[in-house]
Amino acid sequence: WEGEVIGSGARDVGPYRQSERIGVYNELIERLIEEEKAYYAFDTPEELDAKRQAAIAAKQTYKYDRAALEIPAEQRAVRVANGDEHVVRLMVPAESITVDDAVLGEVTVAAGEVDDFIIRKKDGMPTYHLACVVDDERMGVTHVLRGQEHLNNTPRHVALQKALGFGTPVYAHMPLIFNEAGAKMSKRERDGAARKAAKDAGATSSPVESITHPRFSEWIGDKKQQLEPDQLEALAEALGIDLPEVSVGDFRAAGYLPEVICNFIALLGFSPSKDDAGNDREKFEMDFLANDFALERIGKTNARFDRKKLLNFNMEAITTMDAGVFLKKFEDWASHYAPRVMDGLGAEQREVLMGAVQGQSKTLAEAADRCAFALMDVDSIEYDQKAVKKWLLKGEGKGVTTLAALRDELAGFDDWQPEAIHSFGEAFGERTGVGMGGVAQPLRVAMTGTAVSPGLGETLWVLGKDEVLRRIDRCLAECSQTT
RNA sequence: GGCCCCAUCGUCUAGCCUGGUCCAGGACGCCAGGUUCUCAUCCUGGAAACCGGGGUUCGAAUCCCCGUGGGGUCACCA
Numbered sequence: 019w020e021g022e023v024i025g026s027g028a029r030d031v032g033p034y035r036q037s038e039r040i041g042v043y044n045e046l047i048e049r050l051i052e053e054e055k056a057y058y059a060f061d062t063p064e065e066l067d068a069k070r071q072a073a074i075a076a077k078q079t080y081k082y083d084r085a086a087l088e089i090p091a092e093q094r095a096v097r098v099a100n101g102d103e104h105v106v107r108l109m110v111p112a113e114s115i116t117v118d119d120a121v122l123g124e125v126t127v128a129a130g131e132v133d134d135f136i137i138r139k140k141d142g143m144p145t146y147h148l149a150c151v152v153d154d155e156r157m158g159v160t161h162v163l164r165g166q167e168h169l170n171n172t173p174r175h176v177a178l179q180k181a182l183g184f185g186t187p188v189y190a191h192m193p194l195i196f197n198e199a200g201a202k203m204s205k206r207e208r209d210g211a212a213r214k215a216a217k218d219a220g221a222t223s224s225p226v227e228s229i230t231h232p233r234f235s236e237w238i239g240d241k242k243q244q245l246e247p248d249q250l251e252a253l254a255e256a257l258g259i260d261l262p263e264v265s266v267g268d269f270r271a272a273g274y275l276p277e278v279i280c281n282f283i284a285l286l287g288f289s290p291s292k293d294d295a296g297n298d299r300e301k302f303e304m305d306f307l308a309n310d311f312a313l314e315r316i317g318k319t320n321a322r323f324d325r326k327k328l329l330n331f332n333m334e335a336i337t338t339m340d341a342g343v344f345l346k347k348f349e350d351w352a353s354h355y356a357p358r359v360m361d362g363l364g365a366e367q368r369e370v371l372m373g374a375v376q377g378q379s380k381t382l383a384e385a386a387d388r389c390a391f392a393l394m395d396v397d398s399i400e401y402d403q404k405a406v407k408k409w410l411l412k413g414e415g416k417g418v419t420t421l422a423a424l425r426d427e428l429a430g431f432d433d434w435q436p437e438a439i440h441s442f443g444e445a446f447g448e449r450t451g452v453g454m455g456g457v458a459q460p461l462r463v464a465m466t467g468t469a470v471s472p473g474l475g476e477t478l479w480v481l482g483k484d485e486v487l488r489r490i491d492r493c494l495a496e497c498s499q500t501t
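This is the structure we're talking about:
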């Protein structure tokens, strides 16, 4: 794709492939060599590795020993001309290097700490360090914001910039983000969770076809093994667990809103200015971030990714947004991640159900889960025995009696609208003295097999009267069997 | 191990630069009540922290030093 030039000033943006920029790099490398700020080196990887090992064994820090400089310069040039394999190293001056970081302040490394690192590999390609410095300069990069894990590279880059006569951009090293356990967030976490669940379930062979038996055994016995993403997801579903999200894609699939993810991550290591009441501002729109973001307000300490707080942010965003917006967002999400909901429900049904479920869902995935009852067939309902006992059988079948009476009245009830159904339920509860709870809970068990569902009116409405009666009938039949 | 970075409630943080207004504020979580047709919300209240030790100062969470702890990084990878 073509880069868009932002900011001011004419700049050279692109090409973007290192292979297409090789001429740019080589021109500068040649210049450094001529100025004796860089030199050819012929050490083999084996030789270097041996020296490295020796340094470790002697508990010393390994630094390149400039062995190549023992060879006279003319000889080196001849060897290169003859086509000998070689790399190019930067001749790092024996002086301390200070990086003025916008977040961390001045960071100084003593003279001699940075060794003569390689700037061009033997295959002729630049190393990351050179490409980075050259591209930033050529493309007019003014600010470099990156993770603190790169802090140690920065003195090298500054040394290179000096050698090349380039300016130094503003550096800002951001705090790192870890998971709850204090470790780096990595895909292995997902394997770990699935492995634990599989072991807990006592699985000795794969419950999923896509994973062969030998592969499964290998994976379950070796913490370092990782399954393919789709295998892992299939396995998680078979085991009935949710995998921990580690990538942005995982969070999206799990029903987190992009703007919430952004908001939350922005808050890790950064805090906006206070509001007029003097309280911390935590939940904000992207345009607020764009205006209020400042390097000065980035902290120095690493942060842990708190899933519960993210969930709270997501819940608040969902429950407080406009109903129309929520419906739209849900449908966009569902058509990608929960197509069954889109296929199984009509537009009007989705609208009513989303209206009922918006206020009680923490994620889009949860909103979809809450619709599951409407997608299944009467005969596939599985009854939660605890719920059946509590709401139908207990008290000499009080619930069953209520349900049977409700069935009779519902059969003759024709104002089939959510609010009307709800009012009917309330009136019935009042009239019979069982209250709304006594009406709603037995009906929930009949409709879903569980004591949980969206509001009663919406729940019955979305199923339609005929289906409601069918579900009551089957439920009553089940109850008479158990008694 | 060398080098570099960091250190406030369980977690994210405000405060630190420009010492006193901080017996340290907010948010998530947690605990206890309350509201609610279920779940989830929602409301009210509560417990909860300046890593340790030395300085400097009338006074230190705030400045300095040491210790301890945590993290990062040590490639012909990016």
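When we follow our numbering, the leftmost residue of the first sequence carries the number 19, and every step to the right adds one.
C-beta atoms are modelled at their ideal positions from N, C-alpha and C, and glycine is treated no differently.
For clarity, every value in this text was computed on a predicted model and none was experimentally measured.
Which residues in the same chain as residue i place their Cβ atom closer than 6 Å to its Cβ, once the five residues preceding and following it in sequence are excluded?
| i | result |
| --- | --- |
| V452 | T420 |
| E20 | Reliability fails at E20, whose pLDDT of 43 lies under 50, so the model's placement of it is uncertain and the value that follows must be treated cautiously. Excluding positions up to five away in sequence, the list is empty. |
| R462 | A469, S471 |
| V457 | G443, F446, G447 |
| V359 | A352, A386, C389 |
| L382 | G273, F348, W351 |
| V375 | A385, R388, P472 |
| N197 | M203, F323 |
| G239 | none |
Skipping 5 residues on each side, what residues in its chain have a beta carbon closer than 7 Å to that of residue i?
| i | result |
| --- | --- |
| V480 | Q367, V370, L371, A392 |
| G200 | R322 |
| A221 | none |
| V152 | V42, Y43, L46 |
| F269 | E263, I279 |
Assuming residue i and residue j are in contact, meaning their beta carbons sit under 8 Å apart, how far apart are those beta carbons, in whole angstroms?
| i | j | result |
| --- | --- | --- |
| D141 | L108 | 18 Å between Cβ atoms; not a contact. |
| I137 | I40 | Their Cβ separation, rounded to whole angstroms, is 13 Å, which puts I137 and I40 out of contact at 8 Å. |
| L318 | V121 | Before going further, note that residue 318 is Lys rather than Leu in the sequence given. The pair is a contact, with the Cβ atoms about 6 Å apart (cut-off 8 Å). |
| I336 | K380 | 7 Å |
| S204 | V264 | 6 Å |
| D209 | Q244 | 5 Å |
| K59 | D119 | Note on residue identity: the sequence assigns Ala, not Lys, to residue 59. Actually they are not in contact, since the Cβ atoms of A59 and D119 sit about 31 Å apart, beyond 8 Å. |
| D305 | R299 | Going by Cβ atoms, the distance from D305 to R299 rounds to 13 Å, so no, they are not a contact pair. |
| R492 | V418 | R492 to V418, Cβ: 13 Å. No contact. |
| L194 | N309 | Incorrect: roughly 26 Å between the Cβ atoms, too far for contact. |
In whole angstroms, give me the CA-to-CA distance for residue i and residue j.
| i | j | result |
| --- | --- | --- |
| L285 | K326 | 14 Å |
| A272 | P247 | 15 Å |
| E103 | K81 | 21 Å |
| F282 | N332 | 9 Å |
| R402 | M394 | Note that residue 402 corresponds to Asp in the displayed sequence, not to Arg. Approximately 15 Å, taken between the alpha carbons. |
| K242 | R213 | 11 Å |
| F234 | A219 | 14 Å |
| A256 | Y355 | 18 Å |
| A352 | V226 | 25 Å |
| G467 | I399 | 6 Å |
| E485 | D350 | 28 Å |
| G373 | K483 | 20 Å |
| P276 | E334 | 14 Å |
| A215 | I229 | 16 Å |
| R488 | R388 | 21 Å |
| W409 | D426 | 19 Å |
| E314 | M192 | 11 Å |
| H231 | D260 | 23 Å |
| R206 | V106 | 37 Å |
| Q249 | P33 | 38 Å |
| N170 | S291 | 30 Å |
| V266 | I279 | 8 Å |
| A76 | A68 | 12 Å |
| L50 | W237 | 50 Å |
| A95 | E88 | 13 Å |
| V125 | F344 | 48 Å |
Counting only the same chain and skipping the five closest in sequence on each side, list residues whose C-beta sits under 8 Å from that of residue i.
| i | result |
| --- | --- |
| P187 | D154, V159, T160, H161, V162 |
| K55 | L108, M109, A181 |
| L363 | L371, C389, A392, L393, V480 |
- Query: Taking one C-beta from the stretch 493 to 500 and one from the stretch 428 to 443 each time, how about it: are there three or more such pairs within less than 8 Å?
  - Reply: Contact between the stretch 493 to 500 and the stretch 428 to 443 is absent, with fewer than three C-beta pairs closer than 8 Å.
- Inter-stretch contact at 8 Å, needing at least 3 Cβ pairs: the stretch 161 to 180 / the stretch 62 to 81: Result no; under three Cβ-Cβ pairs closer than 8 Å.
- Task: Could you pull out every unbroken alpha helix (DSSP H) segment of at least 4 residues lying fully inside the stretch 77 to 134, listed in chain order?
- Result: Segments of the alpha helix (DSSP H) lying fully in the stretch 77 to 134: 91 to 99.
- Item | Completely contained alpha helix (DSSP H) runs for the stretch 390 to 463, where each covers 4 or more residues | 390 to 393, 403 to 406, 412 to 429, 436 to 450
- Task: Enumerate, from N- to C-terminal direction, the unbroken alpha helix (DSSP H) stretches of 4 or more residues contained entirely within the stretch 187 to 262.
- Result: 206 to 218, 231 to 239, 247 to 257
- Task: Report the residue ranges of all alpha helix (DSSP H) runs contained in full by the stretch 327 to 399; include only those spanning at least 4 residues, in chain order.
- Result: 341 to 355, 357 to 362, 365 to 375, 382 to 387, 390 to 393
- Task: Give, in chain order, every unbroken run of the beta strand (DSSP E) that is at least 3 residues long and sits entirely within the stretch 25 to 74.
- Result: 56 to 59
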